[in-house]
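Right, one structure below, let's go through it.
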Amino acid sequence: MTLPDLLAGVIFVALNAYALLGGADFGGGVWDLLALGPRKQRQRELIANAIGPVWEANHVWLILAVVLLFTCFPPAFARLGTLLHIPLSLVLIGIVLRGSAFTFWRYGGAGPEDVEQRHWGVMFAVASLITPLLLGTTIGAIASGALGQTGGGKGAGFFATYVAPWLNPFTLSVGVFALVAFAYLAAVYLTLEAPERDLRDDFRRRAMGSGVALLLVAALALLLSRRDAPLVRERLAFAPWALPLHVLTATAALVAFVALDRRRWRAARFAAAAQVSLILWGWALSQYPYVVPPDLAIADAAAPPVTLRLALGALTLGALVLFPSLFYLFRVFKARQPSSVVRHP
Amino acid sequence: MPSLLAARSQMGVSLAFHIVFAVIGIAMPLMMVVAERRWQVTGHAIYLDLAKRWSRGTAILFAVGAVSGTVLSFELGLLWPGFMRFAGAIIGMPFSLEGFAFFTEAIFLGVYLYGWDRISPRAHLLAGVAVAASGAASGIFVVIANAWMNAPAGFELVNGQAANVHPIAAMATSAAFPQALHMTLAAYAATGFAVAGIHAFLLLKDPGNAFHRRALEIALIVGAPAALLQPISGDLSARHLARHQPAKLAAAEALFSTQRGAPLSLAGWPDVRARKNRFAVEIPRGLSLLASHDPDAEVQGLDAVPVEDWPNVPAVHLSFQLMVALGSYLALVALWAGWLAWRRSDLAHNRWLMRALALATPFGFVAVEAGWMVTELGRQPWVIYGVLRTRDAVTPMPGLIVPFVTFTLLYCFLGVIVVWLLYRQIIRSPTIPEWRGFYMRGGGPR
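First to last, the protein sequences are chains A and B.
Residue numbers for the first sequence, in the numbering used here: 9 to 353.
Residue numbers for the second sequence, in the numbering used here: 4 to 449.
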């Protein structure tokens, strides 16, 4: 494994962490929007209390991935920024509205029970729904190999260069997939955080429902990839690692389902996280050795070795601070007590 | 609107918006920690109340700062792919370090805000210290990256491409220390005086209110020393400019011709066509004295660089004058307050001081914005001084006016909401007469 490969791997680990942690925070927003039934209010409180202490730290995984990308692979960052200008700008608007609306909702009023503040809750929920959708379409655009030097040979012109690569049936199906995956993760995590049995069962049903939906959307994306993402599809079907990976993913999905069925919440959380991570690594492997398929390889996009070595050094040092701090954060808020007793300052 | 202007405007609006929250994110945690520590030592419940109220405000401001900072990190690629392609490998390092510092800040802010009754008082205070320290560190790292754009180092230019890249040498650029010092002090001064100003305004109506008196005290402890030190750090920055970015200093001072014993011009309106600073008050030899600490030293004027490499002289000059004027006002008020405190007089009952402080509420932030205008507009037409022109760094995507207008509207909307929410927080401030402040014990730390 070369140094550029190693750093590309590290960046992908950061993205994976963002999907599992930040993604679940978006998923929480989706369930806030879809809160239903007699326990509607308690569902929303549970979600907000679960997200509150951790969402900002979870969000930084994305920033870390972005700064590492432009440090270690500047041409890739420049190209993604240029060709995906529109969806990334929309993702940013979603991120800004989600984060600020959540804080306005929780801190702006007299307290969390301030009903006047609920319109911020609605904005938080809607932004949580739209952002993963757009984030997914950008992933779809990268995977489909439409972001080549000349706009992927889809022709010249504004639409062909700046819109068509990310706005087509395949990329939209990846967007929906990201949204459903985040909602699934959130529902699985929330079964563990809910203090009472009836709330746990609410999210158990949601987790199982979204798990099935995830399977259907995955099948749809795979079907659409025939036309729009031949490179990735080819690899996902025929590469030597493909079969073991699919078997592992299917096992994780099955374990998550059985664990949810038997109310083994911790096992379900672990299996669902593994399932989503395996899917992400399947994407990464299928487009290796390209950062931006079909023509920008990891080795060609890499910064000079001195930069990569220093970045690796900074990562090691940073990890020494980061991991104990993260461990502490999650131990304080996610270990023993259910999150619903978190009090607001 | 041309693409380049739209891209620059969007970046400018994003930075101008974000910097307010970044500055508060650096200084506000320090004030929370001081208040909490005082509560733990004295047991006065007022200090606990202060720490909690300030942390509520910080929660809102930090969240907006975090998301607007995310926008900026993406905008580097969305608007300036040419810059990132050239500079990413050289100057990505401080951004990566900033990523970690910001991570630490976000983690411990979560612990601080939500951990009041989950961790020991000692651990809680330490979490606050971690937020304050990592907030300052992340600001310093970002300013180092900007300093490199002003005084590029750590690479060689071979056929328009960077070669022999050395990221550590790039971070050690000569502009890094003066700029980081100036910005960090500015953060404490601006936030300290903004908070002090609000409480001074409320003390004008109710000078005996113990809550506002304690708040004023802590805000001045954070803001006043920084405001006093800022002129010294400004001098350091000006001397650095004289050596490394003469065009920026010449524009800031509206000095059109290179001369020995250059005068310092106050105010005035630079007439670029006539190459004159009209209506200015000139202090003979003042600029030479400031720039080189020698009244007869030669100072380079704008004539030292070709006209097409001039920044927008009136904008840079006026921003510079505004920053210096407001900074001087803050330093003088800090001196006054310090003198009164040293004489052990009652600050809150000195109505003129309270008026001066209340007037200063926005001054620090206006000075911060003006200072950034000097740095950024003064560097134009270069994005990397002397190396890469801004127009060569901009994205080829057409229609950049659309994202510019969209983000401007978004930030206006958020700005109005944040001001409204903070106003409501302040309105709900308690009315605690002085005598209660001394006898109302909070039981102290558990």
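Just so you know, even glycine gets a beta-carbon here, dropped at the ideal spot from N, CA and C.
Computed from a predicted model, the values in this text were never measured in an experiment.
Within-8 angstroms CB hit, residue 366 of chain B to chain A | As a first step, residue 366 of chain B must be located in the second sequence, where it is residue number 363. Chain A, which has no Cβ nearer than 8 angstroms to the Cβ of residue 366 of chain B, makes this no.
Among residues of its own chain, excluding the 5 on either side of residue 441 of chain B, which ones have a beta-carbon nearer than 7 angstroms to its beta-carbon?
-> By 1-based counting over the second sequence, the position of residue 441 of chain B is 438. Note that residue 441 of chain B scores 45 on pLDDT, short of 50, meaning its location in the model is unreliable and no value can be drawn from it.
If residue 196 of chain A and residue 280 of chain A are in contact, beta carbons under 8 angstroms, what's the gap, nearest whole angstrom?
-> What you label residue 196 of chain A is simply residue 188 of the first sequence in a count that begins at 1. What you label residue 280 of chain A is simply residue 272 of the first sequence in a count that begins at 1. Between residue 196 of chain A and residue 280 of chain A, the beta carbon gap of about 4 angstroms places them in contact (Cβ cut-off 8 angstroms).
Under 9 angstroms by beta carbon: chain A residues contacting residue 400 of chain B = Position 397 of the second sequence, counting from 1, holds the residue named residue 400 of chain B. Here the neighbours are 90, 91, 93, 94, 166, 169, 170.
Can you give me the Cβ contacts of residue 161 of chain A inside the same chain, cut-off strictly under 6 angstroms, excluding the 5 residues immediately before and after it?
-> One-based indexing of the first sequence puts residue 161 of chain A at position 153. Any answer about residue 161 of chain A is weak, because its pLDDT of 42 lies below 50 and its placement is not dependable; what the coordinates show is given next. Same-chain partners within the cutoff: there are none.
Check whether the Cβ of residue 144 of chain A lies closer than 8 angstroms to any Cβ atom in chain B.
-> Within the first sequence, residue 144 of chain A is the residue found at index 136, counting from 1. No, residue 144 of chain A does not count as interfacial toward chain B.
What residue ranges within the segment 85-173 of chain B form continuous beta strand (DSSP E) runs of no fewer than 3 residues, ordered along the chain?
-> Taking only runs of at least 3 residues, the beta strand (DSSP E) segments lying wholly in the segment 85-173 of chain B are 159-161, 164-166.
Against chain B: residues of the segment 309-320 of chain A by CB proximity under 9 angstroms | 310, 311, 312, 314, 315, 316, 318, 319
If you run the structure through DSSP and keep just helix, strand and coil, what is residue 392 of chain B?
-> Numbered from its first residue, the second sequence carries residue 392 of chain B at position 389. Here residue 392 of chain B sits in strand by DSSP.
Taking Cβ-Cβ distances shorter than 9 angstroms, what residues in chain B pair up with residue 60 of chain A?
-> For this step, residue 60 of chain A is matched to residue 52 along the first sequence. Within chain B, the residues 113, 116, 117 have their CB atoms less than 9 angstroms from the CB of residue 60 of chain A, given in chain order.
Residue(s) in a DSSP beta bridge with residue 67 of chain A = Residue mapping note: residue 67 of chain A aligns to position 59 of the first sequence, counting from 1. Answer by DSSP bridge pairing: none, since residue 67 of chain A is not bridged.
At a Cβ threshold of 8 angstroms, is residue 115 of chain A touching chain B?
-> Counting from one through the first sequence, the residue named residue 115 of chain A turns up at place 107. Nearest CB-CB separation between residue 115 of chain A and chain B: below the 8 angstroms threshold.
Any idea if residue 251 of chain B is buried or exposed, counting beta-carbon neighbours within 10 angstroms, 16 or more meaning buried?
-> Start at 1 with the first residue of the second sequence, and residue 251 of chain B comes out as number 248. So residue 251 of chain B counts as buried.
Using only alpha-carbon positions, find the residue among A:67, A:39, A:102 that is nearest to residue 217 of chain A.
-> As a working note, residue 217 of chain A is residue 209 in the first sequence. Minimum Cα-Cα distance from residue 217 of chain A among the listed residues A:67, A:39, A:102 corresponds to A:39.
Which of the three DSSP states, helix, strand or coil, is assigned to residue 108 of chain A?
-> In the first sequence, residue 108 of chain A corresponds to position 100, counting from 1. Three-state DSSP puts residue 108 of chain A in a helix.
Just the Cα atoms here: how many angstroms apart are residue 271 of chain B and residue 328 of chain B?
-> The count along the second sequence starts at 1 and reaches residue 271 of chain B at position 268. The count along the second sequence starts at 1 and reaches residue 328 of chain B at position 325. Residue 271 of chain B and residue 328 of chain B: Cα-Cα distance of roughly 13 angstroms.
Which residues, taken in chain order from the segment 72-86 of chain B, show a beta carbon closer than 9 angstroms to some beta carbon of chain A?
-> 72, 73, 74, 76, 77, 78, 79, 80, 81, 82, 83, 84, 85, 86
With a cut-off of 8 angstroms, do at least 3 Cβ pairs link the segment 144-156 of chain B to the segment 87-107 of chain B?
-> yes
State whether the segment 64-78 of chain A contacts the segment 21-28 of chain A, with contact taken as three or more CB pairs (one from each stretch) at a distance under 8 angstroms.
-> Taking one beta carbon from each stretch, the segment 64-78 of chain A and the segment 21-28 of chain A have 3 or more pairs nearer than 8 angstroms; the two touch.
What's the call for residue 10 of chain A, buried or exposed, on a 16-neighbour Cβ count within 10 Å?
-> Mapped onto the first sequence, residue 10 of chain A falls at position 2. Under this definition residue 10 of chain A is an exposed residue.
Say whether chain B places a C-beta atom closer than 8 angstroms to the C-beta of residue 161 of chain A.
-> Reading the first sequence from its first residue, position 153 is the one you call residue 161 of chain A. Low confidence applies here, because residue 161 of chain A scores a pLDDT of 42, under 50, leaving its location unreliable and the question unanswered by this model.
Output, in chain order, the set of chain B residues within a Cβ distance shorter than 9 angstroms of residue 333 of chain A.
-> Your numbering for residue 333 of chain A matches position 325 in the first sequence. What residue 333 of chain A touches in chain B: 106, 107, 110, 111, 114, 133.
Does DSSP put residue 160 of chain A in a helix, a strand or coil?
-> Residue numbering aside, residue 160 of chain A sits at position 152 when the first sequence is read from its first letter. Its pLDDT being 43, under 50, residue 160 of chain A is placed unreliably by the model, and the measurement read from it follows with that caveat. Reduced to three states, the DSSP call for residue 160 of chain A is coil.
Report the three-state DSSP secondary structure of residue 11 of chain A (helix, strand or coil).
-> Locating residue 11 of chain A in the first sequence gives position 3, where the first residue counts as 1. Secondary structure of residue 11 of chain A (DSSP, three-state): helix.
Report the residue ranges of all beta strand (DSSP E) runs contained in full by the segment 191-277 of chain B; include only those spanning at least 3 residues, in chain order.
-> 267-269, 272-274
Hey, does residue 102 of chain B have any beta-carbon neighbour from chain A nearer than 8 angstroms?
-> Walking along the second sequence from the start, residue 102 of chain B turns up at place 99. For residue 102 of chain B, the answer is yes, since a Cβ of chain A falls inside 8 angstroms of its Cβ.
State whether the segment 309-318 of chain A contacts the segment 255-273 of chain A, with contact taken as three or more CB pairs (one from each stretch) at a distance under 8 angstroms.
-> no
For residue 173 of chain B, I'd like the list of residues in its chain whose CB is within less than 8 angstroms of its CB, leaving aside the five on either flank, ordered along the chain.
-> Indexing the second sequence from 1 puts residue 173 of chain B at position 170. Excluding positions up to five away in sequence, the list reads 93, 94, 96, 151, 155, 156, 157, 158.
Run the CB neighbour count on residue 415 of chain B, radius 10 Å, all protein chains shown included, and call it buried at 16 or more, exposed below.
-> Along the second sequence, read from residue 1 onward, the residue named residue 415 of chain B stands at position 412. Exposed, by the Cβ-count rule.
Taking the DSSP output, what are the residues bridged to residue 62 of chain A?
-> What you label residue 62 of chain A is simply residue 54 of the first sequence in a count that begins at 1. According to DSSP, residue 62 of chain A bridges with nothing at all.
What residues in the segment 371-389 of chain B bring their beta carbon closer than 7 angstroms to a beta carbon of chain A?
-> none
Contacting residues, own chain, Cβ-Cβ under 6 angstroms from residue 297 of chain A (five flanking each side not counted) | Here residue 297 of chain A refers to the residue found at position 289 of the first sequence. 305, 306.
Where do the N-terminal and C-terminal ends of the beta strand (DSSP E) with residue 171 of chain A fall, by residue?
-> Numbered from its first residue, the first sequence carries residue 171 of chain A at position 163. Run containing residue 171 of chain A: none; DSSP gives neither H nor E here.
To the nearest angstrom, report how far apart residue 124 of chain B and residue 39 of chain B are at their CA atoms.
-> Stepping through the second sequence from its first residue, residue 124 of chain B is reached at position 121. Stepping through the second sequence from its first residue, residue 39 of chain B is reached at position 36. The straight-line gap from Cα to Cα measures roughly 9 angstroms.
Roughly how many angstroms lie between the CA atoms of residue 268 of chain B and residue 286 of chain B, to the nearest whole one?
-> Residue 268 of chain B sits at position 265 when you count from the first residue of the second sequence. Residue 286 of chain B sits at position 283 when you count from the first residue of the second sequence. If I take the Cα positions, the gap works out to 6 angstroms.
Taking only beta-carbon positions, decide if residue 64 of chain A is within less than 8 angstroms of chain E.
-> As a matter of chain content, chain E is missing from the structure shown, whose protein chains are A and B.
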